[in-house]
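**Q**
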Amino acid sequence: MSLCLLGGCTIFSRCQLFYVILLLCLTGVSIADAPLKPSIVFSIKPGLCVLGEDEIECRDQLRVKWKANSIYSLCLYQEENSQSLHCWLAAQEGEYQFSFVGRENTAFELRDKQTQKTMATKIFKILSDHNTSRNRRRNPWSFF
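Counting from 121, one number per residue, gives the positions in the sequence shown under this note's numbering.
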């Protein structure tokens, strides 16, 4: 018996041919049955806040958007907070706008409503322009 694949032929015994066909069938089934990884595009606008010299906390309006390849029931959480900011039921995309006040980088998560599994995470960055050390105006070896 011979098996022709990709323009070439190979001669097999009946037993070898059986195992080759079985192997091809099994690999095809496992690839076809592999579940798709959930794909969620998650964004926060603006993505960062820059504090001025006289500011100690960031105050901003944040807009969260997400879009998925499947339907999900998701909730938006701020870091380790157990209370959700907003939830979407059986949706493929969502948008939410809210006021934010914070002093340091903050992570926002989209979690599955039933399982509480984190599906996507974004970090809102807060940059400070505060200069904690005084700049020297002259070199340390200069006396004048």
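Where a beta carbon is used, it is the ideal one built from N, C-alpha and C, also for glycine.
#1: With 16 other CB atoms within 10 Å as the buried threshold, where does residue 214 fall?
#2: So what does residue 164 bridge to, in DSSP terms?
#3: Please confirm if the stretch 235-252 is in contact with the stretch 199-217, defined as three or more CB-CB distances below 8 Å between the two stretches.
#4: Which whole-angstrom value is the C-beta distance of residue 184 and residue 164, which I expect to be below 8 Å?
#5: Quick check on the DSSP output: the beta strand (DSSP E) that includes residue 247 runs from which residue to which?
#6: Counting C-beta neighbours from all protein chains within 10 Å, is the total for residue 244 16 or more, i.e. buried, or is it exposed?
**A** With the structure as the only source:
#1: Numbered from its first residue, the sequence shown carries residue 214 at position 94. The residue in question, residue 214, is buried, as its Cβ has 16 or more Cβ neighbours within 10 Å.
#2: As a first step, residue 164 must be located in the sequence shown, where it is residue number 44. Looking at the DSSP output, residue 164 sits in a beta bridge with 184.
#3: With the rule of 3 Cβ pairs closer than 8 Å, the stretch 235-252 does not count as touching the stretch 199-217.
#4: Taking the first residue of the sequence shown as position 1, residue 184 is located at position 64. Taking the first residue of the sequence shown as position 1, residue 164 is located at position 44. Going by Cβ atoms, the distance from residue 184 to residue 164 rounds to 6 Å, so yes, they are a contact pair.
#5: As a position in the sequence shown, residue 247 is number 127, starting the count at 1. Where residue 247 is concerned, the enclosing beta strand (DSSP E) stretches over 238-248.
#6: Reading the sequence shown from its first residue, position 124 is the one you call residue 244. The residue is buried, with at least 16 neighbouring Cβ atoms inside 10 Å.
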